[in-house]
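Notes follow once the structure below has been shown.
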Amino acid sequence: MNPLINMDTRATSTRFTSALGLATLIGLGWLAVFGLFLSPNDRVQKTGVRILYIHVPSAWLAYLAFVVTGLASAGYLWKRTRSLTLDRIAGASAEVGVLFMGITLVSGSLWGKISWGTYWTWDSRLTTTAFLFVTYIGYLAVRDLGGSHEQRARRSGVLALLALVEVPLVHFSVRWWRPLHQQESVAKGKLSDLMLFTLFVGLVSFTLLYVWLVMHRQRVAALDDMVDDGGLDRALADRRSEGMP
Amino acid sequence: MWAITRLLAGKDLRVEMRSRVIINQVVPFAALMMVMFAFALDSDTVLARVAPGLVWLAAMFSLLVIVQRSFALEAADGALDALRVAGANAGGIFLGKALALAAQLAVLEVILLGAALVLYNSHIVGSGIALLVGTYFTATAGLAFVGTLYGGLAVGAKGRETLLPLLMLPVVAPVLIGATRATEAALGTNGATATDGWPWVGLLTLFAVVFGVGGTLSFGSLIDE
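As you go down the protein sequences, you meet chains A and B in turn. Residues 9 to 253, numbered by my numbering, are exactly what the first sequence covers, in order. Residues 1013 to 1237, numbered by my numbering, are exactly what the second sequence covers, in order.
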């Protein structure tokens, strides 16, 4: 019997992802408690500094996601490790990355309004981030172009590698164009220990969230591909069974 | 590979010589843009100041149109697939398309720059001519490579007309920045001098080399079914 017929009863969660999901929830709960209540106000930015605990982890997650997309794409394009799973991981990771890059941009511009008095500056890091966002939206659009799974994987794989080339070029040209940028506050040691710890909780729980989301998304994509592959067989089976009593 | 490059570039230019789509449609479109910029900015001093950027912005929008045209030719009747089946080297196809694209774009840019000199009252500084020529060649090469690469990626796909700008514009942003800055230096805009412009030509060269090599190597995987 065609396994696709009963596919809707299959779930994408396993014991591992359930445990991971639970750990993520606990981590995010911790982050909420530490970020909103336990961590101190900043001397200058007052309570506005708490945006940090969302902004930095989501930026980290987005960059991590795009690096994973690049690696998985390279893995797909390299003949010895070629598998559609890698391509789906690349796609899943890019989707999650775009989402969190969006959160980064929104939280960053809100924070910018509080701390610099403006939503946007033409700083090289901000501009590169905005370009990354648009570039990966384009990448996702290319994944949706249609064609065979292999064609999708090859096209988007090349595109992901091109994006890795493009990003440094954009970054350095913007930096050269407007050479002002703000200092990194973590490196300068302006954060108190409790703030650093809260930030750490944020980074860990967002990383867990990332792994959980990508695993599920990859499995959903695999099911999507299976439906595509078996689409005709399934339609035929459905049609045949219609006539039966 | 080089034979394919020559043949394909010759073919594209011959198509243009006979159909005159670029001359009759894209050039007027580009000139129109230069006039519309003047309407939008509405000030002679502002126009003179931003003229270099407008030239390159108009060049980029025109590039989008030229790339669409260039690959619409290949998508019709599956010409690109036929080329590949015939055993044509993918790198050769890439370079041939890019060469023809660069030639068309080069003509267009001269017209755009001429329009800026006439309409926006810009002047070329004496020492800026070499810089301008350097910028012109490197920026055109970079734009043509990126245009061919992403044009090839979107060829034959549904909705490529709307997808191409989304994919291409972020990638050519460094060219816009670099070429604008170098041209500002060549035109002496905002008191820039010619020596300020050369580092930007370096960036444009790097850009062209990266996408030229990347495109030659990866074009096969992009266009094969």
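For glycine and all other residues, C-beta sits at the position ideal for the given N, C-alpha and C.
Item to check | Whole-angstrom distance between residue 1022 of chain B and residue 1015 of chain B, CA atom to CA atom | outcome: To locate residue 1015 of chain B, count along the second sequence from 1; it is residue 3. To locate residue 1022 of chain B, count along the second sequence from 1; it is residue 10. About 11 Å.
Checklist entry - Pick from B/1050, B/1128, B/1055: whose alpha carbon is nearest that of residue 1195 of chain B? => result Looking up residue 1195 of chain B in the second sequence gives position 183. It is B/1128.
Checklist entry - From the DSSP output, which residues share a beta bridge with residue 54 of chain A? => result For this step, residue 54 of chain A is matched to residue 46 along the first sequence. Residue 54 of chain A is bridged to A/50.
Checklist entry - If residue 1091 of chain B and residue 1151 of chain B are in contact, beta carbons under 8 Å, what's the gap, nearest whole angstrom? => result Numbered from its first residue, the second sequence carries residue 1091 of chain B at position 79. Numbered from its first residue, the second sequence carries residue 1151 of chain B at position 139. By a beta-carbon distance limit of 8 Å, residue 1091 of chain B does not contact residue 1151 of chain B. Their separation comes to about 29 Å.
Checklist entry - Should residue 267 of chain A be flagged as near chain B, meaning a C-beta pair shorter than 9 Å? => result Given that chain A is displayed from residue 9 to residue 253, the structure contains no residue 267 of chain A and the question cannot be resolved.
Checklist entry - So which residues of chain A does residue 1222 of chain B contact, with C-beta pairs closer than 8 Å? => result Your numbering for residue 1222 of chain B matches position 210 in the second sequence. By Cβ distance, chain A contributes 173, 177.
Item to check | Residue environment, residue 1173 of chain B, which counts as buried when at least 16 other CB atoms sit within 10 Å | outcome: On the second sequence, position 161 is the one that residue 1173 of chain B refers to. Around the beta carbon of residue 1173 of chain B, fewer than 16 other beta carbons lie within 10 angstroms, which makes this residue exposed.
Next on the checklist: Is the beta carbon of residue 1230 of chain B closer than 9 Å to that of residue 94 of chain A?
Outcome noted: Here residue 94 of chain A is taken as the residue at index 86 of the first sequence, counted from 1. Here residue 1230 of chain B is taken as the residue at index 218 of the second sequence, counted from 1. The answer is no: Cβ separation not under 9 Å.
Checklist entry - Is the region 54-62 of chain A touching the region 224-236 of chain A, taking contact as three or more C-beta pairs under 8 Å? => result no
Checklist entry - Does the region 38-46 of chain A come close enough to the region 203-218 of chain A to have 3 or more Cβ pairs within less than 8 Å? => result Put simply, the region 38-46 of chain A touches the region 203-218 of chain A. At least three CB pairs are less than 8 Å apart.
Next on the checklist: Using a Cβ-Cβ cutoff of less than 6 Å, which residues in the same chain neighbour residue 108 of chain A once the five nearest sequence positions on both sides are dropped?
Outcome noted: Position 100 of the first sequence, counted from the start, is the residue given in the question as residue 108 of chain A. Once the five neighbours on either side are set aside, the close Cβ partners of residue 108 of chain A are 66, 69, 70.
Checklist entry - Would you say residue 1189 of chain B faces chain A, with C-beta separation under 9 Å as the test? => result In the second sequence, counting from the first residue as 1, residue 1189 of chain B sits at position 177. Yes, residue 1189 of chain B counts as interfacial toward chain A.
Next on the checklist: Rounded to whole angstroms, what is the Cα-Cα separation between residue 28 of chain A and residue 1217 of chain B?
Outcome noted: In the first sequence, residue 28 of chain A corresponds to position 20, counting from 1. In the second sequence, residue 1217 of chain B corresponds to position 205, counting from 1. In a straight line, the C-alpha of residue 28 of chain A is about 48 Å away from that of residue 1217 of chain B.
Next on the checklist: DSSP three-state label for residue 1193 of chain B, please.
Outcome noted: Within the second sequence, numbered from 1, the residue matching residue 1193 of chain B stands at position 181. Looking at residue 1193 of chain B - three-state DSSP - the assignment turns out to be helix.
Item to check | Proximal residues of chain A, C-beta to C-beta of residue 1183 of chain B below 7 Å | outcome: Stepping through the second sequence from its first residue, residue 1183 of chain B is reached at position 171. Here the neighbours are 174.
Next on the checklist: Is it buried or exposed, residue 1182 of chain B, if we count other Cβ atoms within 10 angstroms and call 16 or more buried?
Outcome noted: As a first step, residue 1182 of chain B is located in the second sequence; it is residue number 170 there, counting from the start. Classification of residue 1182 of chain B: buried, given that the 10 Å Cβ count is 16 or more.
Checklist entry - With a Cβ-Cβ cutoff of 9 Å, do residue 148 of chain A and residue 99 of chain A count as a contact? => result Locating residue 148 of chain A in the first sequence gives position 140, where the first residue counts as 1. Locating residue 99 of chain A in the first sequence gives position 91, where the first residue counts as 1. Going by C-beta atoms, residue 148 of chain A is nearer than 9 Å to residue 99 of chain A.
Checklist entry - At a Cβ cut of 7 Å, what residues of the region 1198-1230 of chain B count as close to chain A, listed as they run along the chain? => result Within the region 1198-1230 of chain B, contact with chain A at the beta-carbon level (separation under 7 Å) is assigned to 1215, 1219, 1222, 1226, 1230.
Item to check | Whole-angstrom distance between residue 1045 of chain B and residue 14 of chain A, CA atom to CA atom | outcome: For the purposes of this step, residue 14 of chain A is identified with residue 6 of the first sequence, where counting begins at 1. For the purposes of this step, residue 1045 of chain B is identified with residue 33 of the second sequence, where counting begins at 1. In this predicted model, residue 14 of chain A has a pLDDT of only 46, less than 50, meaning its place in the structure is not dependable enough to derive any value.
Next on the checklist: By the DSSP assignment, the alpha helix (DSSP H) with residue 1116 of chain B in it spans what residues?
Outcome noted: Against the second sequence, residue 1116 of chain B aligns to sequence position 104. Run containing residue 1116 of chain B: 1102-1131, per the alpha helix (DSSP H) assignment.
Item to check | Segments assigned alpha helix (DSSP H), at least 4 residues, entirely inside the region 129-175 of chain A | outcome: 132-151
Checklist entry - Among the residues of its own chain, which have a CB less than 8 Å from the CB of residue 1018 of chain B, if the five just before and after it don't count? => result Reading the second sequence from its first residue, position 6 is the one you call residue 1018 of chain B. These residues qualify, in order along the chain: 1108.
Item to check | Alpha-carbon spacing of residue 1049 of chain B relative to residue 1055 of chain B, whole angstroms | outcome: Locating residue 1049 of chain B in the second sequence gives position 37, counting from the first residue. Locating residue 1055 of chain B in the second sequence gives position 43, counting from the first residue. Going from the Cα of residue 1049 of chain B to the Cα of residue 1055 of chain B covers about 10 Å.
Checklist entry - DSSP three-state call for residue 1139 of chain B: helix, strand or coil? => result Locating residue 1139 of chain B in the second sequence gives position 127, counting from the first residue. Here residue 1139 of chain B sits in helix by DSSP.
Checklist entry - Between residue 53 of chain A and chain B, is there a C-beta pair that is closer than 9 Å? => result Translated into the one-based positions of the first sequence, residue 53 of chain A becomes position 45. Taking Cβ atoms only, chain B never reaches closer than 9 Å to residue 53 of chain A, which makes this a no.
Checklist entry - Buried or exposed: where does residue 1071 of chain B fall if 16 or more other Cβ atoms within 10 Å of its Cβ makes it buried? => result Working through the second sequence from its first residue, we reach residue 1071 of chain B at position 59. Label assigned to residue 1071 of chain B: buried.
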